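Protein chains in written order, with this note's numbering: chain W, 1 to 145; chain F, 1 to 793. Heads up, the beta-carbon is just placed ideally off N, CA and C, and yes, glycines get one too. Since this is a predicted model, take the numbers as computed values, not measurements.
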């Protein structure tokens, strides 16, 4: 089974638009959508409602910066500090063009930082490119844990 | 030499010899008295050769004999006094006796003799001098000083006191002229009072160089406070034997009142027609403050009592001067304090304390009795009154900086820094208000000569004198010695300067606190702004994205079901949402420009411009533009931000030449960089010139405004942020930008940035990733990435 794409996004509009974009990119990978940072960590660590999921890390995590409870940077930090999770490719997918957000993301070891374009065509292109690159072209880290 | 401070006696050639002359061991005495040195057993061991007159036998034969051999019973009185009293230093009066010869020859006209005694270097020295009578000397002195004593209480100023002393001394001694001098710190003399007979020329208000009195004479004057030369024609009387038997050396006559004087000095006296002179020291706080000096055209021998009275007068004058000086210092301090409090009040009530300081000109100058002052604050020099030119003051400030003293004063600036030689600033008093910044208050005093010239050149009065060694020449000598000197700064002035400094520091400190408070508020506002822009970035952009996204989907998926009008509306929604998104992005980029720290470094413009031009060619392959790129140099700026500036200017030029093709002309864009001139002398000036639609010059001031557009949206797209960004970035570099143009005749947009010396610090140099992040943040509508993505498609 193909590794899933983990989408961490709280805004339903963004979830819907991203799902449509991923759908249109015709990716075979399943897309898991979680609504906040805490749930993202639950999923990754297979705890709480995700305790019984298959023990396969996602091919890529599309992470919004601004999230309820635990924000994107916090999630990224936890992931990079976790022996089992630290090799998961993480793409910051965010509205923020703030320099300090960008730098902080890189400092925390993000693999890519993408500002969501306003135009849906551009957004589609971006999501499609991301999906193809990370889920298809990119060779994921070997199975761990 | 001079045992009288004699204004005639200054002449230089003899001067060299005088300075070396051992005047305290002249080896002899003047003939108007007798000297006897006795041992502790009362035997005479050394006597003046003229003792033969008193004793009738040779001086040599007297040595070894008891003192009583000459003085009879009085010898016991003398020896008792010498044995019981402290006789070190100045001679003490012991008693007055009848001349031993008078007993045998009552009609011989022998005057009584006063006996004074002192001990010095192990020798006991008795001196016998002509007196008025044998009565108690003090009862005969009192009537002589009585007048002066009465006048002491009536006189208020030092010069009034000096005048009284001159009058009184002339009166009781009968000398033809009595002068009172005061000395300045450098020892230059000034005649402050004078009493004279009509035949004597006046020296009042004359100045004489300090070199007129050699230093060893000054030292002697402080110790031995009265000196007399009764007859310039005298033959010195040697002491017998020449060497004192107890010391084996010539007898030190420092304290002797009969001491013989330098032949050089006597010669000068004669040259100037003075045959007798007497001078008394005015010693204030242990310092030779001045002299009372008397001259007479013929030999003159004032009686012992008269001289004692003169010495008293000099002492009383000394004490009074000390008291008056103390009092006038105290009054002066009070006056200064008054001025200071007025200044401080004015400063405290003023927005800018420099204005307050300079507004009350008399108080600021009066604070240090200065002719001019300069306030150096925040890089500005405010001159007040008589000052050197600004450039000189600037040099002076640089020099003061190198000294780094809180308060600095000199009355001879030229001597310290040869470069700063200005008669208006011979003396300066400077207080530094801040050690961190170049903030000073500097007072200036002119050269004394200059100050004196205003008061009236004393040479004028004496122009008729033609004597070779006239005071006129002496004045010239004095002029040379005080060239480049101002009046000295008083302790009171230095103290008040320190107080002014303290007051200024207080004010500066308060201002600094206010500024710090302001900065705090500013940083709070900045933080708010930052969080605001963050909110805008995230929260305002998201709904715009959603509107555009869903409208796009509606158009893509449901277009068939919409009417023509409905599809038109959807297009409008999409267009507006995208434009809204761009506005938000541009606004954020613009606010980033104002906040991001500058990383100034040398920037080679040529490759930067080449890259931007290449990008335009790639982006707009259908446009034909004639690029005229002049040789471009290196400027000092933030490379990332200057790239944004050049991109905006080039975008602008490309955009507004778009219609040239239609007009039949080809678009021409010229880019150049040159060194600035005039007020832009230290700037690099960069311009981008086009032959596009230009603009109406009456709107030129709107050109660089945020969201200002001079063209209809349908004609030229854009959010109106580009040139506002240019202006903001250029201004953050300390530069300026401007535009020239005519409607339909093109435009030239120019900016100038200061040329700086940049030390490229490797630690400051940013990584490529950081530079890209910064560029992304300050670029409008994500341009740096768009091209990359397009070319990858």
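Would you mind reading off the limits of the alpha helix (DSSP H) that contains residue 54/F?
Per DSSP, the unbroken alpha helix (DSSP H) holding residue 54/F starts and ends at 51-55.
Euclidean distance between Cα positions of residue 59/F and residue 48/F
If you take the alpha carbons of residue 59/F and residue 48/F, they lie about 7 Å apart.
Would you call residue 5/F buried or exposed, if buried means 16 or more other Cβ atoms sit within 10 Å of its Cβ?
Reliability fails at residue 5/F, whose pLDDT of 45 lies under 50, so the model's placement of it is uncertain and the value that follows must be treated cautiously. Burial call: buried.
Can you tell me whether DSSP reads residue 259/F as helix, strand or coil?
Residue 259/F falls in the strand class under three-state DSSP.
On the DSSP letters alone, give me the boundaries of the beta strand (DSSP E) that residue 738/F sits inside.
Where residue 738/F is concerned, the enclosing beta strand (DSSP E) stretches over 736-741.
Sequence-distant residues of its chain with Cβ nearer than 6 Å to residue 15/W (five each side left out)
If the five residues before and after residue 15/W are omitted, its C-beta is found closer than 6 Å to the C-beta atoms of 9, 33, all from its own chain and listed in chain order.
Determine, for residue 20/W, whether the minimum Cβ-Cβ distance to residues of chain F falls below 8 Å.
Yes, its Cβ sits closer than 8 Å to a Cβ of chain F.
How should residue 511/F be labelled, buried or exposed, when 16 other C-beta atoms within 10 angstroms of its C-beta is the threshold for buried?
Counting of Cβ neighbours within 10 angstroms places residue 511/F among the exposed residues, the total staying below 16.
Beta strand (DSSP E) segment containing residue 333/F, residue limits:
First-last for residue 333/F: 304-348, but that is the alpha helix (DSSP H), not the beta strand (DSSP E).
Go ahead and pull the three-state DSSP assignment for residue 628/F.
In this structure, residue 628/F counts as strand in the three-state DSSP scheme.
For the beta strand (DSSP E) that residue 280/F lies in, which residues bound it at each end?
Its beta strand (DSSP E) spans residues 276-284.
With distances taken Cα to Cα, identify the nearest neighbour of residue 336/F among 366/F, 320/F, 316/F, 360/F.
Answer by Cα proximity: 366/F.
So which residues of chain F does residue 121/W contact, with C-beta pairs closer than 7 Å?
Here the neighbours are 552.
If residue 577/F sits next to residue 567/F, beta carbons under 8 Å apart, how far is it from one beta carbon to the other, in whole angstroms?
No, residue 577/F and residue 567/F are not in contact; Cβ-Cβ is about 16 Å, not under 8 Å.
I want to verify the contact list: residues of chain F whose CB lies under 8 Å from the CB of residue 87/W, in sequence order.
Result: empty, since nearest Cβ-Cβ is about 21 Å, beyond 8 Å.
Taking the beta strand (DSSP E) that residue 585/F falls in, what are its first and last residues?
Looking at the DSSP string, residue 585/F is not in any beta strand (DSSP E); the run it does join, the alpha helix (DSSP H), is 564-595.
According to DSSP, simplified to helix, strand and coil, what is residue 197/F?
If DSSP states are grouped into helix, strand and coil, residue 197/F belongs with coil.
Rank 551/F, 592/F, 562/F by C-alpha distance to the C-alpha of residue 527/F and give the top, closest one.
Ranked by Cα distance from residue 527/F, the options 551/F, 592/F, 562/F are led by 592/F.
Determine which residues of the segment 99-110 of chain W have a Cβ less than 8 Å from any Cβ of chain F, and write them out in chain order.
Answer set for the segment 99-110 of chain W: 99, 102, 103, 106.
When the Cα atoms are used, what is the spatial distance from residue 429/F to residue 328/F?
Answer to the nearest angstrom: the Cα atoms are 21 Å apart.
For residue 735/F, collect the residues of the same chain with a Cβ closer than 8 Å to its Cβ; drop the 5 residues on either side in sequence, then sort them by chain order.
If we look at residue 735/F and ignore the five residues flanking it on each side, its Cβ neighbours are 683, 751, 752, 753, 754.
Sequence-distant residues of the same chain with beta carbon closer than 6 Å to residue 27/W, five excluded per side
Closer than 6 Å at Cβ, skipping near neighbours: 131, 135.
Are any of the Cβ atoms in chain W nearer than 8 Å to that of residue 585/F?
Yes, its Cβ sits closer than 8 Å to a Cβ of chain W.
Does the beta carbon of residue 147/W come closer than 8 Å to any beta carbon on chain F?
The shown model of chain W, from 1 to 145, leaves out residue 147/W, and the question about it has no answer.
Taking only beta-carbon atoms, is residue 588/F less than 8 Å away from chain W?
When Cβ-Cβ separations below 8 Å define contact, residue 588/F makes contact with chain W.
Between which two residues does the beta strand (DSSP E) carrying residue 216/F extend?
Run containing residue 216/F: none in the beta strand (DSSP E); it sits in the alpha helix (DSSP H), 215-223.
Listing by chain order, which chain F residues have their CB less than 9 Å from the CB of residue 84/W?
Listed along chain F is no residue with a C-beta nearer than 9 Å to that of residue 84/W; the closest approach is about 28 Å.
The alpha helix (DSSP H) that contains residue 730/F, what's its start and end?
Unbroken alpha helix (DSSP H) run through residue 730/F: 722-732.
Counting pairs of Cβ atoms below 8 Å between the segment 636-648 of chain F and the segment 725-734 of chain F, do you hit three or more?
Yes: at least three Cβ pairs fall under 8 Å.
Taking contact to mean at least 3 C-beta pairs separated by less than 8 Å, is the segment 87-94 of chain F in contact with the segment 115-127 of chain F?
Yes: at least three Cβ pairs fall under 8 Å.
Comparing C-alpha positions only, which one of 614/F, 605/F, 369/F sits nearest to residue 640/F?
Taking only the C-alpha atoms, the option nearest residue 640/F is 605/F.
How is the beta strand (DSSP E) around residue 6/W delimited, first residue to last?
Note, residue 6/W: beta strand (DSSP E), 5-8.
Going by alpha carbons, who is nearest to residue 140/F out of 364/F, 95/F, 536/F, 541/F?
For the residues 364/F, 95/F, 536/F, 541/F, the minimum Cα distance to residue 140/F belongs to 95/F.
Should residue 840/F and residue 238/F be called a contact, given that it needs their Cβ atoms to be closer than 8 Å?
Not covered by the structure: residue 840/F. The range shown for chain F is 1 to 793.
Assess contact between the segment 196-205 of chain F and the segment 254-271 of chain F, defined as three or more Cβ pairs (one per stretch) separated by less than 8 Å. Is contact present?
Segments in contact, no.
Straight-line CA distance for residue 259/F to residue 270/F?
Rounded to the nearest angstrom, the two C-alpha atoms are 19 Å apart.
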